[in-house]
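Participant:
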Amino acid sequence: MTYKMKKEYAFWATVCLLLSLVPEFLNALSEEADDTDSELGSMKPLHTFCAMKADDGPCKAMIRSYFFNMYTHQCEEFIYGGCEGNENRFDTLEECKKTCIPGYEKTAVKAASGAERPDFCFLEEDPGLCRGYMKRYLYNNQTKQCERFVYGGCLGNRNNFETLDECKKICENPVHSPSPVNEVQMSDYVTDGNTVTDRSTVNNIVVPQSPKVPRRRDYRGRPWCLQPADSGLCKASERRFYYNSATGKCHRFNYTGCGGNNNNFTTRRRCLRSCKTGLIKNKSKGVVKIQRRKAPFVKVVYESIN
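Quick note on numbering: the sequence shown equals residues -28 to -1, 1 to 278 in mature numbering (1 follows the signal peptide of the UniProt record, and there is no 0).
1) Tell me the residue span of the beta strand (DSSP E) that contains leucine 110.
2) What whole-angstrom Cβ distance do tryptophan 49 and arginine 36 have, given they're in contact under 8 Å?
3) Just to confirm the assignment, what range does the beta strand (DSSP E) spanning cysteine 93 have?
4) Nearest to glutamate 59 by alpha carbon, out of Gly128, Thr44, Thr20, Ala33?
5) How long is the line joining the alpha carbons of residue 311 and threonine 44, rounded to whole angstroms?
6) Does DSSP classify tyrosine 52 as helix, strand or coil?
7) Do you know whose CA, among Thr239, Leu136, Tyr(-20), lies nearest tyrosine 227's CA?
8) Specify the secondary structure class of lysine 221 as computed by DSSP and reduced to three states.
9) Where do the N-terminal and C-terminal ends of the alpha helix (DSSP H) with serine 246 fall, by residue?
10) Going straight from the alpha carbon of aspartate 202 to that of glycine 229, what length do you get?
11) Under 7 Å Cβ to Cβ from glutamate 134, same chain only, skipping five residues before and after it: list those, please.
12) Mind checking isoleucine 51: buried by the 16 CB within 10 Å criterion, or exposed?
13) Do the CB positions of arginine 89 and cysteine 55 come within less than 8 Å of each other?
14) Can you tell which of Pro30, Cys47, Ala33 has the C-alpha that lies nearest to the C-alpha of cysteine 22?
15) Return yes when at least one heavy atom of the ligand ATP lies under 7 Å from the C-beta of glutamate 67, else no.
Now the structure itself:
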């Protein structure tokens, strides 16, 4: 009997102890909730979609984008898949800040000439995810100069220039707003079945050019190298290269992140290695066929052995 009473007493003592701790636990939760509410309520975004979480979507592209983080009250970077997602997604950091941060004032830095530097000039060095070795230039905001760096060949950011002169004109000593780069589109080529005529534009006037592509039977390379540049179906803007059989060179174009065709390479070197091996240039005859030697024919005679 005594053992049962001690056991029952210990049980009720434990229950009372636990009940005494409940109010403190509830108070802690309440204070934490108040702190969270005050933190989130201290700054209300300009639009309701700015409170949405970052959504990379179901596609598999890798597009650098930005979203507004309600907890840090800052615009942050994330990787967008290329389709669907939500409205809390911006192409540039500046666009995100102007859309979602109340009272944000654009603090663009101006050069001595009074011209405005683009926002991407202040992005940090980003070699990208690939493992190429490409000489590029970036604007260093610490030294206020354009400097050389090694680019891997894919992704990265817009603070990435092929020449030192281009970097200086846009970021180091901007004089005028940089004009957009003329990207190659599918409409830059007119086909008639056997030939492809290159077109160039001068003052928005289409001027047909004379060089022609050799017929398909004169090309012994990979068949997709004869396909036109195809930007794809998504809305990204990735720098890629395609082989132009009219010029025998690889040119840059904008790839949207999905779709397209196989005439699509991350670097100019890969493009040339894959496609230019199908043609041989001759000084007098232009483009000629590659003649492949056939293996010698060996006749084998079987004789019966008596």
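Even glycine gets a Cβ: it sits at the ideal position worked out from N, Cα and C. Computed from a predicted model, the values in this text were never measured in an experiment.
Facilitator: The answer reads as follows:
1) Within the sequence shown, residue 110 is the residue found at index 138, counting from 1. Where leucine 110 is concerned, the enclosing beta strand (DSSP E) stretches over 106 to 112.
2) As a working note, residue 49 is residue 77 in the sequence shown. As a working note, residue 36 is residue 64 in the sequence shown. According to the sequence provided, residue 49 is glutamate. The question's tryptophan does not apply to it. Separation of the CB atoms of glutamate 49 and arginine 36 is rounded to 6 Å, and the pair is thereby assigned contact status at 8 Å.
3) Within the sequence shown, residue 93 is the residue found at index 121, counting from 1. Per DSSP, cysteine 93 belongs to no beta strand (DSSP E) and is neither H nor E.
4) Taking the sequence shown and counting its residues from 1, one reaches residue 59 at position 87. The shortest C-alpha separation from glutamate 59 is found at Thr20.
5) Past the edges of the chain, shown from -28 to 278, lies residue 311, and the structure says nothing about it.
6) Start at 1 with the first residue of the sequence shown, and residue 52 comes out as number 80. Correct three-state label for tyrosine 52: strand.
7) The residue labelled residue 227 in the question sits at position 255 within the sequence shown. Comparing Cα positions, the closest option is Thr239.
8) What you label residue 221 is simply residue 249 of the sequence shown in a count that begins at 1. For lysine 221, the three-state secondary structure derived from DSSP is strand.
9) As a position in the sequence shown, residue 246 is number 274, starting the count at 1. Run containing serine 246: 240 to 247, per the alpha helix (DSSP H) assignment.
10) Stepping through the sequence shown from its first residue, residue 202 is reached at position 230. Stepping through the sequence shown from its first residue, residue 229 is reached at position 257. Separation of aspartate 202 and glycine 229 (C-alpha to C-alpha, rounded to the nearest whole angstrom) is 11 Å.
11) Taking the sequence shown and counting its residues from 1, one reaches residue 134 at position 162. Cβ neighbours of glutamate 134 beyond the five flanking positions: Arg108.
12) Position 79 of the sequence shown, counted from the start, is the residue given in the question as residue 51. The Cβ neighbour count for isoleucine 51, taken over all protein chains shown within 10 Å, is under 16; the residue is labelled exposed.
13) Within the sequence shown, numbered from 1, the residue matching residue 89 stands at position 117. Within the sequence shown, numbered from 1, the residue matching residue 55 stands at position 83. For arginine 89 and cysteine 55, no; Cβs fall outside 8 Å.
14) To locate residue 22, count along the sequence shown from 1; it is residue 50. Comparing Cα positions, the closest option is Cys47.
15) This structure lacks the ligand ATP, and indeed carries no ligand of any kind.
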